[in-house]
Every structure is written in structure tokens, then in C-alpha cells.
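Enquirer: Okay, so the sequence shown: first residue is 5 according to this note's numbering, each after it adds one.
Don't be surprised by glycine CBs; every beta carbon is placed ideally from N, CA and C.
The model shown is predicted, which means the values in this text are computed figures rather than measured ones.
Please see the structure below; I have some questions.
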Amino acid sequence: MNIYILIILAYLAALTVMNFLKSRKIKDRDDMMLAGRSISITKMVFTLICTWIGSGTFIAGAEFAAKAGWSALWQPMGAWAGIIIIYFLAAKIRTFGQYTVGDILEVRYGSVARILLSAE
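So, in C-alpha cells, the structure goes:
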């Protein structure tokens, strides 16, 4: 069997075991969705960075930078602006008690806003 397939299978097995062990700590919806609302702001910001900046940003962004030059530095500015805004709003959002943007809009503006947000 190929060594790469063995490494991938070992990695997946390790993740599965870790998920089963960590799932025992989950007691309610807050634990599942928001880690019990106990994540530090620094950890939350880096989690968002890892979520938002994926391989597409690195691969496509590097290709665009090679073609466009220094002007490509503006490409990730929207993500960085979002990260900065989330950093300052995180504490307020955490205490609001909702899980998604749709939930927040529904509390603030009513169920019509939630329906309009979910429509594509």
C-alpha cells in the first residue's frame, strides 16, 4: 500500500478518536456551537483567520500576485478588515446569546429579516 494513503488513514483515524474523546465534554447547545462561550478572543480571532483564509487564498492569491505585482496586496484587505471588526465586536456578540447572524437579525428586526437573509 502506498505510504501516502497510510499517512492519510492514520490522520483520519487520529481525528476520529479525538472527536469521540472530545464529544464527551459537550453538554448542551452552547458547548457544541460556541465551545461553552469560553474561547479567548485571541483564540477566536485565529480560528476565524484559519477558517476564512484557506488554500484558495494562498494558491490563487499567490498566482495573482505573481501576475499583478504589488497591487495584489489589496486582495486580502477585506478579510483583514473583517477580522479587525470581529475582534472588537466579539465580546458584545458573545453576550448577545444567539448563534448565527440570522438569529441576531431575527431578534433585532423580526422574522422577515431572517427569511430575507436566508434567501439567495
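How is SER27 classed by DSSP in three states: helix, strand or coil?
Expert: Here SER27 sits in helix by DSSP.
Enquirer: DSSP on TYR113, reduced to helix/strand/coil?
Expert: Note: TYR113 maps to helix in three-state DSSP.
Enquirer: Could you give the residue range of the alpha helix (DSSP H) that holds MET81?
Expert: 81 to 100
Enquirer: Nearest-angstrom Cα distance between ALA72 and MET81?
Expert: Inter-residue distance for ALA72 and MET81 is about 16 Å (C-alpha atoms, whole angstroms).
Enquirer: Helix, strand or coil: which one does DSSP assign to THR3?
Expert: A query on residue 3 cannot be resolved here, the shown segment of the chain reaching from 5 to 124 and no further.
Enquirer: Spatial neighbours of ALA34 within its chain, please: CB distance less than 7 Å, with the 5 preceding and 5 following residues excluded, ordered by chain position.
Expert: According to the sequence displayed, residue 34 carries Asp and not Ala. Within the same chain, ASP34 has close Cβ partners GLY40, ARG41.
Enquirer: Would DSSP call ILE45 helix, strand or coil?
Expert: helix
Enquirer: Given 8 Å as the limit, is there contact between the region 11 to 28 and the region 87 to 97, that is, 3 or more CB pairs closer than that?
Expert: no
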